[in-house]
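Residue numbers (the working numbering): 422 to 558. Below: the structure, in structure tokens.
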Amino acid sequence: MNRDGFTLTELLIVMALLGILIGIGLTNYSGARQRGMDSAAQQHGAAVALAVQQYLSQNPVRDVSALSSGGWEDCTKAARITTPLPSSPDRTYQSGDIGWKAPPEFVTCRIGGSGRSVQVTTGTTSGTKTFINGDSP
422 MNRDGFTLTE LLIVMALLGI LIGIGLTNYS GARQRGMDSA AQQHGAAVAL AVQQYLSQNP
482 VRDVSALSSG GWEDCTKAAR ITTPLPSSPD RTYQSGDIGW KAPPEFVTCR IGGSGRSVQV
542 TTGTTSGTKT FINGDSP
């Protein structure tokens with residue numbers, strides 16, 4: 422007997438195996454994607470916390486409320502804070518630009534705190550991460 426093709430049972434078995442492999446692959450892909458988004462949010466939060474700490478260290482008379490009045494409490498947009506340092510009689514010193522880049526659109530970010538204690542909270546769909554004075558608790 423000469424067969425030209427596959428039986429229906431063979432085709433159904435191959436399709437079932439492909440379905441199982443695709444299901445496993447999609448589960449791993451979505452998990453890796455979420456871990457990547459969480460990592461991006463954490464990196465952005467650390468960068469913002471570091472920039473705010475630099476700003477406060479160069480401006481000893483300022484506190485976190487100065488950031489709110491400057492419109493920087495929402496850190497989901499790129500920001501640049503230029504702070505002049507005290508000048509001397511022979512030359513003027515000025516710090517470099519302090520700031521951060523805009524995060525990916527899925528990252529939320531807020532700057533809060535009181536006095537000179539800074540709290541930066543970033544988040545994605547899976548949760549939030551808080552940085553207090555540049556450190557993650």
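Ideal Cβ placement from N, Cα and C applies to all residues, glycine included. Nothing here was measured: the structure is a model prediction, and the numbers come from that model.
P524 is classed as buried because its beta carbon has at least 16 other beta carbons within 10 Å across all chains shown.
Following the DSSP letters along the chain, one finds R501 inside the beta strand (DSSP E) bounded by residues A500 to I502.
Here the alpha carbon of A487 sits roughly 46 Å from the alpha carbon of L447. Between the segment 530-546 and the segment 466-476 there are three or more C-beta pairs closer than 8 Å, enough to call the two in contact. Here F552 is bridged, per DSSP, to V541.
Rounded to whole angstroms, the separation of the alpha carbons of G533 and S451 is 32 Å. CA-CA distance, L442 to H465, rounds to 35 Å.
Restricting attention to E526, S460 and I553, the CA atom closest to the CA of S535 is found in I553. Between the alpha carbons of K522 and K498 lies a gap of roughly 7 Å.
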